[in-house]
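A short write-up of the structure that comes next.
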Amino acid sequence: MNTVFVNGELIDRDEAKIDIEDRGYQFGDGIYEVIRVYNGKTFTMKEHMERLYQSAEKMKLSIPYKAEEFTAKLLQLIELNGVKDGIVYLQVTRGVSPRQHHFPSEDVLGSVVAYTKDFPVPAGQMEEGVTAKLVEDIRWLRCDIKSLNLLGNLLAKQEAASEGHFEAILHRGDTVTEGSSSNAFIVKDGVIYTHPVTNLILNGITRRVIEDLCRKEGITFQEETFSVSELMGADEAFIASTTSEVMPVIRIDGQKIGEGKPGAVTKTLQALFSDRKGMEAR
Numbered sequence: 061m062n063t064v065f066v067n068g069e070l071i072d073r074d075e076a077k078i079d080i081e082d083r084g085y086q087f088g089d090g091i092y093e094v095i096r097v098y099n100g101k102t103f104t105m106k107e108h109m110e111r112l113y114q115s116a117e118k119m120k121l122s123i124p125y126k127a128e129e130f131t132a133k134l135l136q137l138i139e140l141n142g143v144k145d146g147i148v149y150l151q152v153t154r155g156v157s158p159r160q161h162h163f164p165s166e167d168v169l170g171s172v173v174a175y176t177k178d179f180p181v182p183a184g185q186m187e188e189g190v191t192a193k194l195v196e197d198i199r200w201l202r203c204d205i206k207s208l209n210l211l212g213n214l215l216a217k218q219e220a221a222s223e224g225h226f227e228a229i230l231h232r233g234d235t236v237t238e239g240s241s242s243n244a245f246i247v248k249d250g251v252i253y254t255h256p257v258t259n260l261i262l263n264g265i266t267r268r269v270i271e272d273l274c275r276k277e278g279i280t281f282q283e284e285t286f287s288v289s290e291l292m293g294a295d296e297a298f299i300a301s302t303t304s305e306v307m308p309v310i311r312i313d314g315q316k317i318g319e320g321k322p323g324a325v326t327k328t329l330q331a332l333f334s335d336r337k338g339m340e341a342r
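In short: position in the sequence shown from 1, add 60, done, that's the numbering used here.
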């Protein structure tokens, strides 16, 4: 598993180099995606690639490959590395140019890298549930762009991790937004609530799958803000992401959520998600 993709070439990881004046390194001026691989097949590849190009458009960033060409290279990378259960990480920056805050000239091509990694499904944590910590959301106001500027996320995640928690649940004032690397959900009286798609959250791909599953299975899914107190008083809580799938949250700041164990709605969604990925990983 030593092959990586760098600016159009599939090369050995030990040969990969990035210029010190790459704008991703100096400014975080770039975007990324993480795509799941199950049993050697990608899951929701199309949706991830569409979001990548949407993020690029929002940042006025040019990706030097068409989506079909880029996708083909990623599939080749996965095959070469023999990935069974893992991820492929891809990143695009605004390229290499002398350090200046404004954009370089249009003839500067973006830098593109991708690599794969084994990443088993966290089955034990999904079965038992995890804990989280509430952290004030200090991030910028364009969280809908999946950019490399993740300092706010990292600080929140570290604050939670330093106390032994799996995730930080972010809130702006009294309104819960999302996790530091996930979307956040509560269940109350059988209804699922999650923050609406705005500039304050990332519209997660797993979030979209969950919404679709709910619509098809008759589970009420409400895109509606909820407060910190509503989170703490929920019947169930869970987070969702590409690597965590549907992850029950059983305690927040030491307080039990619901009965302090994965709830019935969350477990139903886990089963539905497992069925979906089995059918659609391709």
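Glycine is no exception: its CB is placed at the ideal position from the N, C-alpha and C atoms.
Only a predicted model underlies this, so the values are computations on that prediction, with no experimental measurement involved.
Per DSSP, the bridge partner or partners of residue i
i: Phe298; result: Phe245, Pro308
i: Glu117; result: Per DSSP, none; premise fails for Glu117.
i: Phe65; result: Leu70, Ala174
i: Asp79; result: Partner(s): none; Asp79 has no beta bridge.
i: Glu93; result: Leu150
i: Ser289; result: Beta-bridge pairing links Ser289 to no other residue.
i: Gly239; result: Ile229
i: Ile251; result: For clarity, residue 251 is Val in the given sequence; the question names Ile instead. Answer is Lys248, bridged to Val251.
i: Tyr98; result: Lys101
i: Ser207; result: Ile91
i: Lys316; result: Arg311
i: Glu283; result: Thr254
Alpha carbon of residue i to alpha carbon of residue j, nearest angstrom
i: Gly338; j: Gly278; result: 21 angstroms
i: Thr235; j: Leu194; result: 11 angstroms
i: Ser304; j: Pro182; result: 7 angstroms
i: Glu271; j: Val257; result: 12 angstroms
i: Ala331; j: Ala324; result: 11 angstroms
Option in the options with minimal Cα separation from residue i
i: Arg159; options: Gly68, His255, Arg83, Val251; result: Arg83
i: Gly68; options: Gln86, Gln151, Gly142; result: Gln151
i: Gly170; options: Val66, Thr280, Arg336, Ser287; result: Val66
i: Val148; options: Thr104, Ser242, Asp167; result: Thr104
i: Val94; options: Ser242, Thr328, Met186; result: Ser242
i: Leu121; options: Met186, Tyr92, Lys133, Gly100; result: Tyr92
i: Glu128; options: Arg336, Gly142, Tyr113; result: Tyr113
i: Phe87; options: Asp145, Pro164, Glu117; result: Pro164
i: Pro124; options: Lys106, Gly189, His108, Thr153; result: Thr153
i: Asn99; options: Ser222, Ser115, Pro180; result: Pro180
Anticipated Cβ contact below 8 angstroms, residue i with residue j, distance rounded
i: Glu227; j: Ser207; result: About 20 angstroms separates the two Cβ atoms, so there is no contact after all.
i: Asp295; j: Thr237; result: At roughly 21 angstroms, the Cβ-Cβ gap does not stay under 8 angstroms, so Asp295 and Thr237 are not in contact.
i: Ala216; j: Leu201; result: Between Leu201 and Ala216 the Cβ distance is about 16 angstroms, and since that is not below 8 angstroms, they are no contact.
i: Val306; j: Thr326; result: 6 angstroms
i: Cys274; j: Ile252; result: 6 angstroms
i: Asp72; j: Thr63; result: 7 angstroms
i: Arg111; j: Ile261; result: Actually they do not touch by this definition, with Cβ atoms about 13 angstroms apart.
i: Val309; j: Phe298; result: 6 angstroms
i: Glu107; j: Arg268; result: 7 angstroms
Residue i - containing alpha helix (DSSP H), residue span
i: Lys193; result: From DSSP, Lys193 is part of no alpha helix (DSSP H) but of the beta strand (DSSP E) over 190-196.
i: Phe333; result: 324-340
i: Asp272; result: 265-277
i: Gln160; result: Segment: none, Gln160 is in no alpha helix (DSSP H) and carries neither H nor E.
i: Leu262; result: First-last for Leu262: undefined, no H or E at that position.
Where the beta strand (DSSP E) through residue i begins and ends
i: Leu230; result: 227-232
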